[in-house]
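Presented below is the structure to which this report refers.
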Amino acid sequence: MTTETRDRFRELHQTGTFIMPNPWDAGSARLLAAMGFAALATTSSGFAATLGRQDQHVTRDELVAHVAALTAAIEIPLNVDAERCFADTPAGLRETVDLLAAAGAAGISIEDFDPATGRIETVTAGAERVAVVAGACARHGIVLTARAENHLYGHDDLDDTVTRLRAYRAAGADVVYAPGLRTSEAIARVVAEVPAPVNVLAVGGAPAVPELAALGVRRVSIGGALAWAAYGAMRDAARELLTTGTTTFREGALRGEEIEAAFKD
Numbered sequence: 000m001t002t003e004t005r006d007r008f009r010e011l012h013q014t015g016t017f018i019m020p021n022p023w024d025a026g027s028a029r030l031l032a033a034m035g036f037a038a039l040a041t042t043s044s045g046f047a048a049t050l051g052r053q054d055q056h057v058t059r060d061e062l063v064a065h066v067a068a069l070t071a072a073i074e075i076p077l078n079v080d081a082e083r084c085f086a087d088t089p090a091g092l093r094e095t096v097d098l099l100a101a102a103g104a105a106g107i108s109i110e111d112f113d114p115a116t117g118r119i120e121t122v123t124a125g126a127e128r129v130a131v132v133a134g135a136c137a138r139h140g141i142v143l144t145a146r147a148e149n150h151l152y153g154h155d156d157l158d159d160t161v162t163r164l165r166a167y168r169a170a171g172a173d174v175v176y177a178p179g180l181r182t183s184e185a186i187a188r189v190v191a192e193v194p195a196p197v198n199v200l201a202v203g204g205a206p207a208v209p210e211l212a213a214l215g216v217r218r219v220s221i222g223g224a225l226a227w228a229a230y231g232a233m234r235d236a237a238r239e240l241l242t243t244g245t246t247t248f249r250e251g252a253l254r255g256e257e258i259e260a261a262f263k264d
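Going by numbering that gives the first Met the number 0, 224 is the number at position 225 of the sequence shown; the sequence numbering is gapless.
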């Protein structure tokens, strides 16, 4: 990814609302890019599934190689779900950013949940981590998204979420993100009270994209949902083949011209 690509990604956050879907491999990335999306993002759970693993069981080296494969396959900006950036020291955090920058990332996200302890970090610890990563991202022109994970882990304290996002913004994050928010009221409060572009995860029961745009949301992502939908479609097709021996599932497959458009050299 060039400096121009990273600048283009940053510009996408200035006005309006854009959808940033999440491919799980180079093929799905090329297909989404061919459909006209302006930017894409990795999905930690979807990528882990391609390795036959659950989320949060991928190494840093594996993620870096994955990012390099995706950025080589597309010409649009790629945001990277970097979990906790795979380190607990400032030097390690900076190294992760440098590796992802070299792999072509236009953006990186960092979250405040620690799977090693099964807990969400304190606001202070989370902000300190964001500050280190923000400094490293700035050297490369990478857009940093700071995530408050409360609502994915049963901590539905919106006051704490807003406090966290404000602290992460003050620490240098370019974009803020609290995955799991579902109501217009909660999303509108985050938009109003956190002075930064806001990413919202499109989940069941959440407002549709046009309503999110009306609320002032800048970016909408889907996480691993597309990957799991694809795996679900494969399961259904395989079940049909196994139980009835028919192949009506072919009706939903990509057409030849779609394959040509997405995967041509």
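We put the CB at the ideal spot given by N, CA and C, even for glycine. What you are looking at is a predicted structure, and each value in this text was computed from that prediction instead of being measured.
Whole-angstrom distance between residue j and residue i, CA atom to CA atom
{"i": "ALA126", "j": "GLY204", "result": "30 Å"}
{"i": "VAL190", "j": "GLU257", "result": "38 Å"}
{"i": "THR16", "j": "ARG59", "result": "31 Å"}
{"i": "ALA33", "j": "ALA260", "result": "7 Å"}
{"i": "ASP6", "j": "ALA72", "result": "19 Å"}
{"i": "ILE119", "j": "LEU98", "result": "25 Å"}
{"i": "TRP57", "j": "GLY223", "result": "The sequence shown places Val at residue 57, rather than the Trp named in the question. When rounded, the distance between both Cα atoms is 15 Å."}
{"i": "THR121", "j": "ASP156", "result": "14 Å"}
{"i": "GLY255", "j": "ALA226", "result": "22 Å"}
{"i": "GLY179", "j": "HIS150", "result": "5 Å"}
{"i": "THR182", "j": "ALA147", "result": "16 Å"}
{"i": "THR95", "j": "GLY244", "result": "48 Å"}
{"i": "GLY251", "j": "LEU30", "result": "15 Å"}
{"i": "PHE248", "j": "TRP23", "result": "22 Å"}
{"i": "VAL193", "j": "PHE46", "result": "30 Å"}
{"i": "ARG83", "j": "ASP158", "result": "23 Å"}
{"i": "GLU61", "j": "GLY26", "result": "17 Å"}
{"i": "ARG234", "j": "THR49", "result": "15 Å"}
{"i": "ALA145", "j": "LYS263", "result": "36 Å"}
{"i": "ARG165", "j": "VAL174", "result": "11 Å"}
{"i": "GLN55", "j": "LEU241", "result": "32 Å"}
{"i": "GLY266", "j": "ARG52", "result": "Since the first residue shown for the chain is 0 and the last is 264, residue 266 is missing from the structure and cannot be characterised."}
{"i": "LEU69", "j": "ILE75", "result": "10 Å"}
Cβ separation of residue i and residue j, assumed to be a contact under 8 Å, to the nearest whole Å
{"i": "SER108", "j": "TYR176", "result": "7 Å"}
{"i": "ALA124", "j": "LEU92", "result": "Their Cβ separation, rounded to whole angstroms, is 12 Å, which puts ALA124 and LEU92 out of contact at 8 Å."}
{"i": "ARG9", "j": "VAL129", "result": "Not really, about 17 Å apart at Cβ, beyond 8 Å."}
{"i": "VAL216", "j": "ARG188", "result": "Their Cβ separation, rounded to whole angstroms, is 12 Å, which puts VAL216 and ARG188 out of contact at 8 Å."}
Reference residue i, options the options, closest by Cα
{"i": "ARG218", "options": "LEU225, ASP111, VAL208", "result": "VAL208"}
{"i": "THR246", "options": "ALA37, ARG254, ALA236", "result": "ALA236"}
{"i": "VAL199", "options": "HIS12, LEU50, ALA72", "result": "HIS12"}
{"i": "GLY106", "options": "GLY140, LEU92, THR88", "result": "GLY140"}
{"i": "GLU110", "options": "GLU61, LEU98, THR49, TYR167", "result": "TYR167"}
{"i": "VAL197", "options": "GLN53, LEU225, ILE18", "result": "ILE18"}
{"i": "ALA137", "options": "VAL161, ARG163, GLY231, ALA170", "result": "ALA170"}
{"i": "ALA172", "options": "PRO206, VAL132, ALA201, LEU211", "result": "VAL132"}
{"i": "ALA213", "options": "THR14, PRO20, VAL202, ALA252", "result": "THR14"}
{"i": "ILE221", "options": "ALA201, PRO206, TYR230", "result": "ALA201"}
{"i": "ALA228", "options": "PRO206, LEU240, SER44, GLY35", "result": "SER44"}
{"i": "LEU211", "options": "LEU241, GLU184, GLY231, ALA195", "result": "GLU184"}
Decide yes or no for the touch test of the region 100-119 against the region 64-82: beta carbon pairs closer than 8 Å, at least 3 of them.
The region 64-82 and the region 100-119 touch, with three or more beta-carbon pairs separated by less than 8 Å.
Are the region 37-48 and the region 74-93 touching, with three or more C-beta to C-beta distances below 8 Å?
Enough Cβ pairs lie closer than 8 Å, so yes.
Quick check: the region 88-96 against the region 111-123, are there 3 or more CB pairs under 8 Å?
Under the Cβ criterion (8 Å, minimum of three pairs), the region 88-96 does not count as touching the region 111-123.
Output the residue ranges of the beta strand (DSSP E) runs that lie fully inside the region 138-166 and measure 3 residues or longer, sorted by chain position.
Restricted to the region 138-166, the beta strand (DSSP E) segments that are unbroken, complete and at least 3 residues in length are 142-146, listed in chain order.
Which whole runs of the alpha helix (DSSP H) in the region 68-126 are 4 residues long or more, in chain order?
Listed in chain order, they are 89-101.
Residue ranges of each alpha helix (DSSP H) run of no fewer than 4 residues wholly in the region 180-242, ordered along the chain?
Complete alpha helix (DSSP H) runs here, min 4: 183-192, 208-214, 224-242.
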